[in-house]
């Protein structure tokens, strides 16, 4: 496909302003400007996040609740981080739980839920999800629970809602679904999943790790019981965040230290928290808010600015997706996994997975990596999906994951390199 026939990127999104915030994007590899198409495994961070973490360690490094200055500053950052995440998710600060990562938080929650389960209770997971939203629930089979699995539509790697609907029953206690698939980008109808779960008297757990860089989350409107995400997927440091409805966080009995009070969020945050990471989370959310203000100066509150940021991001990433996917589909011998109909691009993130005849995913990733283009190969912990698609034993897939700091020119570089593998030119 020639450059003249590629879809034009016409968004008003100011990608130059965004890219200027990220010092990592200035790197070179073997004389090539680095292209970060590895965002689903973790995004790069703005300079302000680096500065916030460094400044905390220089000026405020202490534990909480001490009678001295650095501890008081840590208390302020701890509180401010919960408020920032509450703005990010549209919930109360006391409903925000921090931890080392989404996986650890999900295991902690599953253990607490396991205390309430009895033999015959059922949990429902899906074949589309990252294993962090599967194994913590499967582990509860030792409590006598039964874990059922909703299938996918293999043709476009979307959740089979008919199968999921049939498997939600009166014995279902929790339905665990991803907001978006980290391997292939499919966005699930999580509002319908929550409705189905609640209709059966079950709780709904949403893994939003992959979705957070690409779309605004509103847990109040969604009415989910729990939602987990990771700040290193939305331009922050390596930290996990769990939202839980206050009623559940107060009712469930977490495994915790005696020193932790029964107040929220303290009862769920056993042990010393990553305070410098919290400082970085605040900075990451403020970066997104400033991105919104840059594109919509009339916004006033941080939540409104975040909404404006995601409105601009969604449109820009849609245009990038169209350019990337149309170019990939024109390459001979390329197998594409996921939604490829432009009319359904509102149901996907700009994350795609492919295979190419004659090359393993690892060989493709290495070839691109030598030329400064960073992509992932393998199953990305979406083990059930890789098995369902029949690629688990042959190296998985090559994942290309865009975010809003990527450009049309970077996509063209990727497509050129892949075409050269097929045509030699």
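Numbering (this note's numbering), first residue to last: 3 to 427.
In this text, a Cβ means the ideal position worked out from N, Cα and C, and glycines have one as well.
Just so it is clear, the structure is predicted and the values come from calculations on it, not from any experiment.
Rounded separation between residue i and residue j - CA only
| i | j | result |
| --- | --- | --- |
| residue 38 | residue 376 | 5 Å |
| residue 166 | residue 152 | 5 Å |
| residue 414 | residue 73 | 50 Å |
| residue 106 | residue 193 | 25 Å |
| residue 190 | residue 87 | 23 Å |
| residue 53 | residue 282 | 8 Å |
| residue 298 | residue 236 | 20 Å |
| residue 274 | residue 366 | 42 Å |
| residue 217 | residue 325 | 19 Å |
| residue 113 | residue 146 | 13 Å |
| residue 420 | residue 409 | 17 Å |
| residue 201 | residue 49 | 45 Å |
| residue 111 | residue 256 | 7 Å |
| residue 294 | residue 134 | 31 Å |
| residue 347 | residue 47 | 26 Å |
| residue 40 | residue 75 | 35 Å |
| residue 258 | residue 268 | 10 Å |
| residue 278 | residue 93 | 23 Å |
| residue 304 | residue 89 | 7 Å |
| residue 225 | residue 196 | 7 Å |
| residue 4 | residue 344 | Note on residue 4: pLDDT 40, under 50, position unreliable in the model; no value is reported. |
| residue 321 | residue 234 | 24 Å |
| residue 159 | residue 389 | 12 Å |
| residue 137 | residue 398 | 20 Å |
| residue 212 | residue 42 | 6 Å |
| residue 78 | residue 116 | 34 Å |
| residue 127 | residue 425 | 42 Å |
| residue 8 | residue 329 | Here residue 8 scores only 47 on pLDDT, less than 50, and its place in the model is too uncertain to base an answer on. |
Buried/exposed call for residue i, threshold 16 Cβ in 10 Å
| i | result |
| --- | --- |
| residue 59 | exposed |
| residue 228 | buried |
| residue 335 | exposed |
| residue 19 | exposed |
| residue 412 | buried |
| residue 157 | exposed |
| residue 70 | exposed |
| residue 6 | Summary for residue 6: the model assigns pLDDT 40, below 50, so the residue's position carries little reliability; its value from the coordinates is reported in the next sentence. That one is exposed. |
| residue 209 | buried |
| residue 276 | buried |
| residue 188 | buried |
| residue 30 | exposed |
| residue 286 | buried |
| residue 12 | For residue 12, the predicted structure reports a pLDDT of 42, less than 50, and the residue's modelled location is therefore unreliable. The matter cannot be settled from this model. |
| residue 182 | buried |
| residue 10 | Any reading at residue 10 needs caution, since the residue's pLDDT is 45, under 50, leaving its predicted position unreliable; the model's value is listed next. Exposed. |
| residue 25 | exposed |
| residue 108 | buried |
| residue 61 | exposed |
| residue 381 | buried |
| residue 396 | exposed |
Among the options, the one whose alpha carbon lies nearest that of residue i
| i | options | result |
| --- | --- | --- |
| residue 129 | 231, 117, 154 | 154 |
| residue 207 | 364, 158, 125 | 125 |
| residue 292 | 63, 307, 284 | 307 |
| residue 45 | 294, 215, 332 | 215 |
| residue 254 | 425, 118, 47 | 118 |
| residue 280 | 270, 92, 51 | 51 |
| residue 252 | 240, 261, 260, 266 | 266 |
| residue 327 | 312, 248, 309, 352 | 352 |
| residue 175 | 225, 223, 132, 121 | 121 |
| residue 178 | 379, 132, 144 | 132 |
| residue 104 | 136, 17, 230, 322 | 230 |
| residue 169 | 143, 199, 240, 368 | 199 |
| residue 184 | 417, 396, 383 | 383 |
| residue 203 | 330, 17, 172 | 172 |
| residue 17 | 358, 296, 369, 302 | 296 |
For residue i, the residue or residues it bridges with in DSSP
| i | result |
| --- | --- |
| residue 189 | 182 |
| residue 30 | 35 |
| residue 361 | 358 |
| residue 232 | 242 |
| residue 40 | 403 |
| residue 177 | 126, 206 |
| residue 105 | Residue 105 pairs with nothing; no bridge assigned. |
| residue 155 | 160 |
| residue 398 | 380 |
| residue 99 | 244 |
| residue 336 | 358 |
| residue 353 | 403 |
| residue 150 | 126 |
Min CB distance residue i to chain C below 8 Å
| i | result |
| --- | --- |
| residue 273 | Absence of chain C from the displayed structure is noted, only one protein chain being present. |
Stretch pair the segment 94-112 + the segment 244-252: three plus CB contacts closer than 8 Å: yes
The segment 313-332 contacting the segment 77-88, beta-carbon criterion three pairs below 8 Å: no
Cβ contact (3+ pairs, closer than 8 Å) linking the segment 327-343 and the segment 31-48: no
Segment contact, 8 Å Cβ cut-off, at least three pairs: the segment 163-178 with the segment 357-371: no
Sufficient close CB pairs (3 or more, under 8 Å) joining the segment 60-69 to the segment 403-412: no
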